[in-house]
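For the sequence shown, full-length UniProt numbering assigns the number 1 to the initial residue and increments by one for each residue that follows.
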Amino acid sequence: MGFFSRKKTKAIYAFANGKTVDIKNVPDEVFATKMMGDGIAIIPQEGKIYAPISGNVKMIMENSQHAVGLVSEDDIEILIHVGLDTVNLNGEGFETHVKVGDHVEKGTLLISYDKESLNNKDINDITMLVLTDPGHYQYTKFYTDMAVKINESPIIEYK
């Protein structure tokens with residue numbers, strides 16, 4: 001590697017079809033103030049959440065099934081949290097499709113949920129991706145206010 005060589009830019013991809021939102025604009029103080037870490041949110045079009053990276057499942061909220069933690073092959077730890085106050089549903093309308101220790105490829109279905117049921121209960125299903133351990137990477141771009149598709153659209157770039 002020469003002195004002028006550049007690190008290759010990598011990406012975290014859309015975990016849902018929908019529209020990206022700057023984490024600062026999430027209507028929840030814990031996420032908006034980045035208490036848990038920096039990140040990005042998506043307003044999902046349907047009730048399906050997919051792996052944005054390849055890696056291993058580190059954590060699942062077993063009782064509520066509304067959140068999953070992943071560790072990427074680059075050792076980046078992320079948390080995907082479906083909705084606001086969804087923990088109070090105790091898993092009603094949620095189903096996880098992976099378990100702790102599973103290896104997942106980018107695009108693997110992680111969580112499905114009943115979007116209509118959440119809407120009927122006036123529960124916002126905006127879904128956050130938080131970099132809980134960003135590793136030693138420099139995060140160069142967050143793609144906010146964009147329509148995104150799973151497996152196709154980068155939402156965060158890093159190097």
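Glycine included, every Cβ here is placed at the ideal spot set by N, Cα and C.
request  = Classify residue 61 as buried or exposed, calling it buried when 16 or more other Cβ atoms lie within 10 Å of its own Cβ.
outcome  = It is buried - the Cβ of residue 61 has at least 16 other Cβ atoms within 10 Å.
task = Look at the Cβ atom of residue 93, then the Cβ atom of residue 112, and state whether they are nearer than 7 Å.
result = Contact: no.
inquiry  = With DSSP as the reference, identify every bridge partner of residue 160, one or two as the case may be.
reply    = Absent from the model: residue 160. The displayed extent of the chain is 1 to 159, so no value can be given.
task = Enumerate in chain order the residues of its own chain whose CB-to-CB distance from residue 40 is below 8 Å, with the five nearest sequence positions on each side excluded.
result = Beyond the five residues adjoining it in sequence on each side, residue 40 comes within less than 8 Å, by CB distance, of 20, 21, 22, 23, 128, 129, 142, 143, 144, 155 and 156 in the same chain, given in chain order.
ask   = DSSP puts residue 31 in a beta bridge; with which residues?
value = Residue 31 is not bridged to any residue.
query = Span of the beta strand (DSSP E) holding residue 118?
reply = Membership of residue 118 in any beta strand (DSSP E) is not indicated; the residue belongs instead to the alpha helix (DSSP H) covering 115-120.
request  = Return the CA-CA distance between residue 49 and residue 123, expressed in angstroms with no decimal places.
outcome  = So the alpha carbons of these two residues sit roughly 17 Å apart.
query = So which of 74, 120 and 46 has the shortest CA-CA distance to residue 56?
reply = The candidate whose alpha carbon is nearest that of residue 56 is 74.
key: Backbone CA spacing between residue 82 and residue 8 [nearest angstrom]   = For residue 82 and residue 8, the distance between alpha carbons rounds to 31 Å.
message = Rounded to whole angstroms, what is the Cα-Cα separation between residue 107 and residue 29?
response = Roughly 29 Å between the two C-alpha positions.
request  = Return the CA-CA distance between residue 34 and residue 132, expressed in angstroms with no decimal places.
outcome  = Going from the Cα of residue 34 to the Cα of residue 132 covers about 10 Å.
message = Quick check on DSSP: helix, strand or coil for residue 60?
response = Note: residue 60 maps to strand in three-state DSSP.
task = Let me know the secondary structure DSSP gives residue 87 once reduced to three states.
result = In the structure shown, residue 87 sits in a helix (DSSP, three-state: H, G or I).
key: Distance between residue 98 and residue 63 (C-alpha atoms, nearest Å)   = Taking the straight line from one Cα to the other gives about 14 Å.
key: Simplified DSSP assignment, three categories, for residue 8   = Here DSSP, grouped into helix, strand and coil, assigns residue 8 to coil.
inquiry  = Between the alpha carbons of residue 137 and residue 76, how many angstroms are there, rounded?
reply    = Whole-angstrom Cα-Cα distance: 9 Å.
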